[in-house]
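Position in the sequence shown (from 1) plus 8 gives the number in my numbering. Ideal Cβ placement from N, Cα and C applies to all residues, glycine included. Values in this document were obtained by computation on a predicted structure and should not be read as measured data. The structure appears right after this line, and notes come after that.
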Amino acid sequence: MNTLFKALSHPVRRRIIEMLRKGPMASGDIAAAFDMTWPTVTGHLNALKEAGLVNPERDGTTIRYRLDISAVEEALAFLLSITGARSPSEEAQDRD
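Right, here's the structure in full:
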């Protein structure tokens, strides 16, 4: 979980996550959105991959990245548990 929070701590990585919310993107298209070198963008994508936030998929010679929110859901559940708060799904179950 530490890797996840470290990955989310960088503004470029958060921006990449926002971009991927709209759907998978090629690594070249992601890199084109930033004014930085290709190796720097690759480093950010690797950090997101190591944190379990993105999944790379090869499409011929292109690598497309897809958002994977399961790691975020796990972290959110942890944060809710330490605050004593309840998730929206737990509250909905109580109403039913």
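DSSP places Ile24 within a helical segment (H, G or I) once states are collapsed to three. For Met33, the number of other beta carbons within 10 angstroms of its own is at least 16, and it is reported as buried. If you compare the alpha carbons of Asn10, Val80, Glu98, Phe86 with that of Ile25, the shortest gap goes to Val80. In its own chain, leaving out the 5 sequence neighbours on each side, no residue places its CB closer than 6 Å to the CB of Thr48.
Taking C-beta atoms under 8 Å as the contact rule, Glu65 and Arg74 qualify, at a distance of about 6 Å. In the DSSP assignment, Pro64 falls within the unbroken beta strand (DSSP E) covering 62-67. Going by DSSP, Ile71 is part of no alpha helix (DSSP H) but of the beta strand (DSSP E) stretching over 70-75.
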